[in-house]
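Each residue of the sequence shown is one higher than the last, beginning at 20 in the numbering used here.
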Amino acid sequence: MAYGRQKIFILLRMCVALAIALIITYFPLHYLEFFTYDLRFRLNPFTKVSSDIKTIAVDQTTLQKFSGEPTLTAHIALLEKLLKQDPLLVYYIIDPKTLKGSKTDQLLFTETLKKFRNHILYMKELPNKGEEYKVIVGDNFPDLKYSPGYLSTDFQHFAEDSVARRALLYDQSYVYSQVKAANLINHLSDLSNYRGAFDFKTSKQIYVNYQRPGTYEPSSFEAVYDEKTLDNQFKDKIVLIGKDTKFDYQDYVKTVYDRHNFSMSNLETQANIIATLLLNNGVIRTPQAVNTAMTILFAIVVVFSVFKLTPSRAILLILSTVGAYIVISSLLFTFSGIAIGMAQPLIAVFVCYYFFIPYRLIRENKKFWELTEKNKLLTQVEELKNNFLSMMSHDLKTPLARIQGMADIALANSENFEPEQKTAIQTIRKSAEELTEFISSILDLSRVESQKIKLNLQSRDINRILEDTIKKYEYLAQQKNIEIIPELDTLFSVKIDADLMKQVFSNLIENAIKYSPTNSKILVTSEEDEGQIIVQVADQGIGITENEIRHIFTKFYRTKHVKNSPIKGSGLGLYLAKYFVELHKGQITVESLPQQGSTFTVNLPMDQSGQHQSGNVGDGSLGGRL
Ligand code: ADP
20 MAYGRQKIFI
30 LLRMCVALAI
40 ALIITYFPLH
50 YLEFFTYDLR
60 FRLNPFTKVS
70 SDIKTIAVDQ
80 TTLQKFSGEP
90 TLTAHIALLE
100 KLLKQDPLLV
110 YYIIDPKTLK
120 GSKTDQLLFT
130 ETLKKFRNHI
140 LYMKELPNKG
150 EEYKVIVGDN
160 FPDLKYSPGY
170 LSTDFQHFAE
180 DSVARRALLY
190 DQSYVYSQVK
200 AANLINHLSD
210 LSNYRGAFDF
220 KTSKQIYVNY
230 QRPGTYEPSS
240 FEAVYDEKTL
250 DNQFKDKIVL
260 IGKDTKFDYQ
270 DYVKTVYDRH
280 NFSMSNLETQ
290 ANIIATLLLN
300 NGVIRTPQAV
310 NTAMTILFAI
320 VVVFSVFKLT
330 PSRAILLILS
340 TVGAYIVISS
350 LLFTFSGIAI
360 GMAQPLIAVF
370 VCYYFFIPYR
380 LIRENKKFWE
390 LTEKNKLLTQ
400 VEELKNNFLS
410 MMSHDLKTPL
420 ARIQGMADIA
430 LANSENFEPE
440 QKTAIQTIRK
450 SAEELTEFIS
460 SILDLSRVES
470 QKIKLNLQSR
480 DINRILEDTI
490 KKYEYLAQQK
500 NIEIIPELDT
510 LFSVKIDADL
520 MKQVFSNLIE
530 NAIKYSPTNS
540 KILVTSEEDE
550 GQIIVQVADQ
560 GIGITENEIR
570 HIFTKFYRTK
580 HVKNSPIKGS
590 GLGLYLAKYF
600 VELHKGQITV
610 ESLPQQGSTF
620 TVNLPMDQSG
630 QHQSGNVGDG
640 SLGGRL
């Protein structure tokens with residue numbers, strides 16, 4: 020039943036995780052997604068450059084040399100110099116209409132440009148339908164046409180942060196100028212064959228594999244003009260001519276590498292786009308289905324961690340999953356140009372974590388509260404039990420003493436009794452004695468458990484206590500014809516609680532008698548060794564099996580063999596003995612072999628400030644001496 024309920028709860032949590040994941044995937048989270056997208060560019064240590072592309076820029080040195088923008092005449096002169104090297108394509112990003120010059124210069128410029136194997140006059144925007152005439156440069160530039168080539172930034176779409184990430188290949192029946200340039204080399208006629216090409220509204224686009232700003236370092240207009248540049252470096256190349264004056268931010272775009280207004284010149288941006296097309300290495304963004312699957316997976320990992328693991332392990336698993344995902348996606352991007360969705364899976368981690376953690380806390384709090392209540396109840400029950408036990412034991416002790424007393428009187432005047440009557444009174448006397456002993460043990464136990472026992476330390480000779488105890492049990496031993504042999508070395512007096520130690524030795528000697536056959540021997544020894552007093556009680560009795568030996572100091576424990584025998588006992592004697600010895604910071608241990616005998620050893624430190632120790636297996640060196 021409880022198991023079924025648990026299953027339903029697990030299923031419910033999974034459903035909530037799934038719902039959270041699906042809600043998250045409903046939001047594209049473009050800004051965050053492209054933040055991680057840009058990060059992967061920045062982390063990529065490799066550069067891929069197309070050697071087919073060269074750039075020439077009107078830069079600040081050029082402006083100094085020409086005391087301003089170079090005129091049409093200067094541009095014509097530059098083209099003349101380039102012509103000598105016969106480039107594959109001249110790709111003009113500067114609008115000739117904006118250049119100063121006469122009508123004759125405009126005609127000459129047109130003529131010179133047309134002399135190249137291929138030329139493209141880049142136009143920033145795409146003419147609307149019906150305004151196709153706008154591609155004509157002007158009357159003074161006969162038959163010279165612009166080639167539309169919109170430079171796309173994420174201004175209105177996607178991350179909306181004005182960063183250049185995409186390039187348009189085709190829109191409204193116009194194939195863009197960059198594609199035309201690249202086609203001269205790659206001859207890729209089907210635009211869908213470009214890696215990562217995707218449709219967006221009426222256009223086909225790709226994600227440009229941008230390289231770090233400065234990768235396509237331009238030659239200065241002025242240097243080419245003066246023929247200072249290397250020989251024939253423009254031969255058979257696509258040569259882009261543009262501006263890099265750092266004056267007008269319209270000539271620049273923000274990049275994935277940094278978002279300064281002058282991050283990358285339009286000239287270098289065009290070079291990057293054409294290079295991506297030439298190398299056909301556009302970035303592939305994984306489809307939404309993959310992102311959704313990852314988001315669901317992350318949500319499930321979080322739910323599993325939060326509910327099945329300890330808090331520290333959960334955090335560790337979540338962090339390592341997130342870390343592994345970041346590493347894998349960075350490697351995937353660096354080595355195969357695939358950008359897997361990151362924002363949605365990572366947001367799923369945070370949302371699920373913060374959604375489920377309070378739930379877990381509430382659950383744990385409830386459990387803790389239940390445990391505390393249970394504990395309180397248990398303590399109350401324990402107290403009640405102890406009170407009841409001691410009350411009952413006290414109340415039983417008086418009538419028992421009376422029974423014992425009466426039995427003694429009866430026995431003292433038993434000359435006229437029949438033998439059966441005498442035996443009956445003796446049995447009453449013995450049973451009352453056993454009961455008294457049992458009640459004493461129970462009383463001791465409740466004192467131990469309520470921790471009411473305090474040591475009453477006095478300087479005493481342990482040998483005296485041993486001799487008294489042996490004397491006390493002599494009669495019992497004689498009944499089984501057991502000989503108790505004391506071998507007691509002379510000892511210094513030590514500080515002990517005589518009553519408690521008497522109880523310990525009594526228990527050991529009584530057990531030795533109880534669990535030994537008739538006509539056997541018991542050896543009781545005492546000696547001093549390395550600041551310790553060692554007392555041993557060795558018998559030739561029934562012994563204890565290896566499996567049971569570790570239990571005999573547990574309360575109420577009696578070995579199987581003994582439980583099935585008529586030998587009486589409560590199973591409390593050794594438990595109490597161990598407790599009392601340990602109160603003296605000593606140790607009680609046993610070594611035993613079934614049917615051969617047992618040796619109990621008590622070690623008491625002479626200095627009672629020694630370390631508290633406990634254990635239950637010793638060397639029992641006296642065992643062999645009997
Ligand atoms: P009990 O009142 O049963 O003697 P103890 O706590 O004194 O309880 O002893 C626990 C159990 O350990 C005994 O029931 C017995 O099985 C075993 N035991 C104790 N002393 C000996 C011994 N000298 N020889 C064999 N078994 C023993």
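Every residue, glycine too, gets a C-beta built ideally from N, C-alpha and C. Predicted, not measured: the structure shown is a model, and the values here were computed from it.
The stretch 601-617 makes contact with the stretch 563-576: 3 or more CB pairs, one atom from each, lie closer than 8 Å. Counting every other CB atom within 10 Å of its CB across the protein chains shown gives Asp162 a total below 16, marking it as exposed.
Fully contained in the stretch 552-640 are the following alpha helix (DSSP H) runs of length 4 or more, in chain order: 565-568, 579-582 and 592-602. When secondary structure is reduced to three states using DSSP, Phe28 falls in the helix class.
When distances are taken from the beta-carbon of His580 to the heavy atoms of the ligand ADP, the shortest one is below 8 Å. For Ser208 and Asp190, the gap between their C-alpha atoms comes out near 15 Å.
If you look at Tyr492, you'll find it in the alpha helix (DSSP H) that goes Ile481 to Gln498. For Pro167 and Ile359, the gap between their C-alpha atoms comes out near 32 Å.
Counting along the chain, the unbroken beta strand (DSSP E) around Ile139 starts and ends at His138 to Met142. Rounded to the nearest whole angstrom, the C-alpha separation of Ala429 and Pro624 is 47 Å.
Between Phe240 and Ile75 a beta carbon distance of about 6 Å is seen, short of the 8 Å cut, so the two are scored as contacting.
About 40 Å separates the beta carbons of Asp173 and Phe326, which is beyond the 8 Å limit, so they are not a contact pair. At least one heavy atom of the ligand ADP lies closer than 8 Å to the C-beta of Phe619. For Tyr492, the CB contacts under 8 Å within the same chain, skipping 5 residues up- and downstream, are Ile503, Ser525, Ile528, Glu529 and Ile532 in chain order. Under the DSSP assignment, Pro418 falls in the alpha helix (DSSP H) whose first and last residues are Ala362 to Ala431. Distance between Asn622 and His413, taken at the CA atoms: about 33 Å. At least one heavy atom of the ligand ADP falls within 8 Å of the beta-carbon of Lys533.
According to DSSP, Gly261 shares a beta bridge with Ala76.
Here the alpha carbons of Leu350 and Val341 stand approximately 14 Å from one another. Each of Leu593, Arg577, Arg278 and Gln445 was checked against the Cα of Met425, and the nearest Cα belongs to Gln445.
Taking the Cα of Gln307 as reference, the smallest distance to any Cα among Pro47, Val609, Val554 and His580 is reached at Pro47.
About 43 Å separates the beta carbon of Pro237 from that of Thr314, a gap too long to meet the 8 Å contact definition. In the DSSP assignment, Gln197 falls within the unbroken alpha helix (DSSP H) covering Ser196 to Asn205. Only exposed fits Gln497, as fewer than 16 other CB atoms lie within 10 angstroms of its CB.
Straight across, the Cα-Cα distance linking Ser512 with Arg483 is about 10 Å. In its chain, beyond the 5 residues on either side, Lys521 have a beta carbon closer than 8 Å to the beta carbon of Asp487.
By the neighbour-count criterion, in which a residue is buried when 16 or more other Cβ atoms sit within 10 angstroms of its Cβ, Val309 is exposed. Non-local beta-carbon contacts of Val523 in its own chain, meaning distances under 7 Å to residues more than five positions away in sequence, involve Ala596, Phe599, Val600 and Val621 in chain order.
Scanning its chain for C-beta atoms nearer than 6 Å, with the 5 sequence neighbours on each side dropped, one finds around Ser539 the residues Ile501 and Gln559, in chain order. Residue pairing for Tyr110: DSSP places it in a beta bridge opposite Ile139 and Leu259. The ligand ADP never approaches Asp463 closely enough for any of its heavy atoms to be under 8 Å from the residue's Cβ. A distance below 6 Å between beta-carbons, with the five flanking residues on each side excluded, links Arg304 to the following residues of its chain, in chain order: Ala358. Nearest Cα to Ile334 within the set Asn300, Cys371, Leu298 and Met361: Cys371.
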